[in-house]
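Notes to accompany the following structure.
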Amino acid sequence: MSSKDQSSTAYPPEEKQLLLQRVLSYADDNVNASLDRLFHLLRIPSVSCDPRHAPQCQEAASWLANELESIGFDTSVRQTTGNPVVLAHKRQAIGPHVLFYGHYDVQPVEPLDKWRADPFDPQLKAQPNGEMQIVARGASDDKGQLLTFVEACRAWKTVTGGLPVSVSMFFEGEEESGSPSMDEFLDQAGEELRADIMLLCDTYLWNDAIPAVTVMFRGLLEEEVEITCASRDLHSGAYGNAARNPIQVLAELIASLRGESGEVAIEGFYDDVEEQGEELKSELKRLHFDADRFLQNVGLSQSAGDEAYSVLEQIWTRPSCEINGIAGGYYGEGLKTIIPSKAVAKISFRLVAGQDPEKIQAKFHEHIRARLPADCTVNFTGLGGSRASVIPSDSLYLRRARAALKDEWSCEAVLIGSGGSIPIVSVMQSRLGIGSLPIGFARSDNRHHSPNEKYDLSSFQKGIRSWIRILAELSSNETNRSRL
């Protein structure tokens, strides 16, 4: 039998295990070459929110497409109204079809003076404990994580001539700027992305030694609120007391959004919230989450959230309302004695299962308008929204992935939530009916979006090995039978 047929052939368990070990050994022996490829990608400043970097985003997409072509994928770079999308397919005769999603764009690097080296000149740094860290913008979010899957496929292809399952890859270049071209792209090419399950690697380990599958993501609603009172800025001596101050009005409106116990005080805000089941509550307890340490790590001593829920429940399973920024009046050097005419706040809501962003937006608008005093007007600007996502705990794909992770990490992979949002998870579920398996290898201290972003070398290596095992597990007879 030729090598190109090996990966998609049914083998006795002993032979399958030997083949898997050959693929793992190849990945270990060639990790330096994998690092070279990662460093090449990290040197490309593919900052999506800055139009000046559009050529570099195109460069990153083209580089990824060439790499995927080199390992046998049918690859194309699809132009959008923004940055391009990379699509790649490699079909196998048997086994499920998996779609892997990632993003090649990165956050801006500012403040640049906080970086210890050029953010686009990746460094491999030794730590006092002997561990090695890859330091660069995008090292962990998401170029390093993305390449763990690509390198796993490379190992399978090189050793066996093929892949254990059919694989498609879908890399976008606008995730860090809100994916403005995604809806239009899915309208045009969505059917090409249909698969049995979507894999993604933009999440975290539970801790340095325990892998995790993220089964809950909160949704997101973002709003800008502008309060206008007088028709122009006023002299505070001439109009003080007589004129309303929009900053004070806005501050009072913001204060009305929370109750005394920390709950969101918008009427009907919790009406559609799906309460967590006993199984999930038990999973959370088994994590032995140290809430005090979690807060102390950022200089806090007690939770400001709803007192009826634990800190872990607050950040994973409960919706929130946060003030992201507020501006108005004069805040330059010295003092300018004015009553400003306008004040603006940016407010975000994290949503949970059952909540509709459009309904929450309407309730928020009603709450503000009902409390708006005379001589004031309000203008709302919606900045986008997405629903929460929950992955069923009885998913066969989840069960197979956890088995593979246990083999690699020598412990059970835990099921965790994320207080943040990955909109593509809910988008693919609602538009194409594709469930997701978010499995990431980042650590909590990887400094995503911050200066000196890093990805631990052990995360990169174990990530590659984990995906190699997951692909093998997904090709199991049990998984194949579930598709019939």
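Using the UniProt record's numbering, read the sequence shown as starting at 1 and increasing by one per residue.
Built from N, CA and C at the ideal position, the CB exists for glycine as well.
Note that the structure is predicted; figures quoted are calculated from it, not measured.
Fill in: For A345 and Y330, the rounded distance between their alpha carbons
Locating residue 330 in the sequence shown gives position 330, where the first residue counts as 1. Locating residue 345 in the sequence shown gives position 345, where the first residue counts as 1. Going by the C-alpha atoms only, they are around 15 Å apart.
Item to complete: Helix, strand or coil for S256, going by three-state DSSP, please let me know.
Response: Counted from its first residue, the sequence shown places residue 256 at position 256. Residue state, collapsed to three classes: coil.
Practice prompt. Determine the contact status of G82 and E222, defining contact as a CB-CB distance below 8 Å.
Written response: Taking the sequence shown and counting its residues from 1, the one referred to as residue 82 is at position 82. Taking the sequence shown and counting its residues from 1, the one referred to as residue 222 is at position 222. No; because the gap between Cβ atoms is not below 8 Å, this pair is not in contact.
Discussion item. I'd like to confirm the pairing. Which residues does DSSP put opposite K90 in its beta bridges?
Written reply: Here residue 90 corresponds to residue number 90 of the sequence shown, with the count starting at 1. Per DSSP, V167.
Worksheet item: What three-state label does DSSP hand E175 in the structure shown?
Response: One-based indexing of the sequence shown puts residue 175 at position 175. In this structure, E175 counts as helix in the three-state DSSP scheme.
Practice prompt. Give the straight-line distance between the Cα atoms of E131 and V249, rounded to the nearest whole angstrom.
Written response: Counting from 1 along the sequence shown, the entry for residue 131 is found at position 131. Counting from 1 along the sequence shown, the entry for residue 249 is found at position 249. About 52 Å.
Practice prompt. Would you mind stating whether A442 and S46 have Cβ atoms separated by less than 8 Å?
Written response: Numbered from its first residue, the sequence shown carries residue 442 at position 442. Numbered from its first residue, the sequence shown carries residue 46 at position 46. The Cβ atoms of A442 and S46 do not sit closer than 8 Å to each other.
Practice prompt. Kindly provide the ranges of any alpha helix (DSSP H) runs that are 4 or more residues long and lie completely inside the stretch 390-417, ordered along the chain.
Written response: Taking 4 residues as the shortest admissible run, the stretch 390-417 contains the following complete alpha helix (DSSP H) segments, listed from N- to C-terminal end: 396-409.
Discussion item. Let's test the definition: count the other Cβ atoms within 10 Å of the Cβ of N446 and tell me whether it reaches 16, buried, or not, exposed.
Written reply: The residue labelled residue 446 in the question sits at position 446 within the sequence shown. It is buried - the Cβ of N446 has at least 16 other Cβ atoms within 10 Å.
Worksheet item: If you draw a straight line from the C-alpha of V77 to the C-alpha of H89, how long is it?
Response: In the sequence shown, counting from the first residue as 1, residue 77 sits at position 77. In the sequence shown, counting from the first residue as 1, residue 89 sits at position 89. Distance between the alpha carbons of V77 and H89 is about 12 Å.
Worksheet item: What are the boundary residues of the alpha helix (DSSP H) that N32 is part of?
Response: In the sequence shown, counting from the first residue as 1, residue 32 sits at position 32. Note, N32: alpha helix (DSSP H), V31 to L42.
Fill in: Range covered by the alpha helix (DSSP H) that runs through A54
As a first step, residue 54 must be located in the sequence shown, where it is residue number 54. A54 to S70 is the extent of the alpha helix (DSSP H) around A54.
Worksheet item: Where does I266 fall in DSSP's three states?
Response: As a first step, residue 266 must be located in the sequence shown, where it is residue number 266. Correct three-state label for I266: coil.
Worksheet entry | Nearest-angstrom Cα separation, counted from L396 out to L282 | For the purposes of this step, residue 282 is taken as the residue at position 282 of the sequence shown. For the purposes of this step, residue 396 is taken as the residue at position 396 of the sequence shown. Reading off the sequence, residue 282 comes out as Ser, not Leu. Each residue's alpha carbon lies about 21 Å from the other.
Worksheet item: For C49, does the three-state DSSP call read helix, strand or coil?
Response: Reading the sequence shown from its first residue, position 49 is the one you call residue 49. Looking at C49 - three-state DSSP - the assignment turns out to be coil, as it is neither helix nor strand.
Practice prompt. Please confirm if the stretch 98-112 is in contact with the stretch 163-173, defined as three or more CB-CB distances below 8 Å between the two stretches.
Written response: yes
Item to complete: Determine the DSSP secondary structure at Y330, reduced to helix, strand or coil.
Response: Within the sequence shown, the letter at position 330 stands for residue 330. Three-state result, Y330: coil.
Worksheet item: How should V298 be labelled, buried or exposed, when 16 other C-beta atoms within 10 angstroms of its C-beta is the threshold for buried?
Response: The count along the sequence shown starts at 1 and reaches residue 298 at position 298. The Cβ neighbour count for V298, taken over all protein chains shown within 10 Å, is under 16; the residue is labelled exposed.
Worksheet item: What separation, rounded to the nearest whole angstrom, lies between the Cα atoms of S2 and D202?
Response: Looking up residue 2 in the sequence shown gives position 2. Looking up residue 202 in the sequence shown gives position 202. Its pLDDT being 40, under 50, S2 is placed unreliably in this model, and the value from its coordinates should be taken loosely. So the alpha carbons of these two residues sit roughly 36 Å apart.
Practice prompt. Could you name each continuous alpha helix (DSSP H) segment of 4 residues or more that falls completely within the stretch 283-322, going from the start of the chain to the end?
Written response: As far as the stretch 283-322 is concerned, its whole alpha helix (DSSP H) runs of at least 4 residues are 291-296 and 311-316.
Worksheet item: With a CB to CB cut of under 7 Å and the five nearest residues on each side skipped, what residues in its chain are close to L64?
Response: Along the sequence shown, read from residue 1 onward, the residue named residue 64 stands at position 64. Cβ within range, chain order: V86, Y104 and F171.
Worksheet item: Name the DSSP bridge partner or partners of F149?
Response: Counting from 1 along the sequence shown, the entry for residue 149 is found at position 149. F149 pairs with nothing; no bridge assigned.
Item to complete: Starting from A353, follow its DSSP beta bridges and name the residues at the other end.
Response: Within the sequence shown, numbered from 1, the residue matching residue 353 stands at position 353. DSSP output for A353 lists no bridge partner at all.
Fill in: Span separating the alpha-carbon of L35 from that of A126
By one-based count along the sequence shown, residue 35 stands at place 35. By one-based count along the sequence shown, residue 126 stands at place 126. Taking the straight line joining both Cα atoms gives about 15 Å.
Worksheet item: CA-CA distance, R244 and I266?
Response: In the sequence shown, residue 244 corresponds to position 244, counting from 1. In the sequence shown, residue 266 corresponds to position 266, counting from 1. Approximately 24 Å between the Cα atoms of the pair.
Worksheet entry | DSSP-derived helix/strand/coil call for I210 | Taking the first residue of the sequence shown as 1, we reach residue 210 at position 210. The answer is strand: DSSP assigns I210 an E or B state.
Item to complete: Specify the secondary structure class of Q188 as computed by DSSP and reduced to three states.
Response: Along the sequence shown, read from residue 1 onward, the residue named residue 188 stands at position 188. Helix at Q188.
Fill in: Contact set for G262: own chain, Cβ-Cβ below 8 Å, skip 5 residues either direction
Indexing the sequence shown from 1 puts residue 262 at position 262. Same-chain partners within the cutoff: S303, A304, G305, D306 and E307.
Item to complete: Quick one: grab the DSSP three-state call for L18.
Response: As a first step, residue 18 is located in the sequence shown; it is residue number 18 there, counting from the start. Note: L18 maps to helix in three-state DSSP.
Worksheet item: Rounded C-beta distance between W467 and F149? I'm assuming under 8 Å.
Response: Taking the sequence shown and counting its residues from 1, the one referred to as residue 467 is at position 467. Taking the sequence shown and counting its residues from 1, the one referred to as residue 149 is at position 149. Indeed, because the Cβ distance is near 5 Å, the residues count as touching under 8 Å.
Worksheet item: Do you know offhand how far P357's Cα is from G219's?
Response: Position 357 of the sequence shown, counted from the first residue, corresponds to residue 357. Position 219 of the sequence shown, counted from the first residue, corresponds to residue 219. Their Cα atoms are separated by approximately 8 Å.
Fill in: For C411, the nearest candidate out of W206, A195 and S421 (CA to CA)
Start at 1 with the first residue of the sequence shown, and residue 411 comes out as number 411. For the residues W206, A195 and S421, the minimum Cα distance to C411 belongs to W206.
Item to complete: Please go through the same chain and pick out, in chain order, the residues whose beta-carbon is closer than 7 Å to the beta-carbon of P340, but skip the five residues on each side of it.
Response: By one-based count along the sequence shown, residue 340 stands at place 340. Only D233, P246, I247, G328 and G329 meet the Cβ criterion.
Fill in: Straight-line gap, E14 to L20 (C-alpha atoms, nearest Å)
As a working note, residue 14 is residue 14 in the sequence shown. As a working note, residue 20 is residue 20 in the sequence shown. One C-alpha to the other measures close to 10 Å.
Item to complete: Under the assumption that A362 contacts A388 (Cβ atoms under 8 Å), give the Cβ distance between them as a whole number of angstroms.
Response: Here residue 362 refers to the residue found at position 362 when the sequence shown is read from its first residue. Here residue 388 refers to the residue found at position 388 when the sequence shown is read from its first residue. The Cβ separation is near 18 Å, so there is no contact.
Worksheet item: Rounded to a whole number of angstroms, what is the C-alpha to C-alpha distance between Q296 and R43?
Response: Against the sequence shown, residue 296 aligns to sequence position 296. Against the sequence shown, residue 43 aligns to sequence position 43. Distance between the alpha carbons of Q296 and R43 is about 35 Å.
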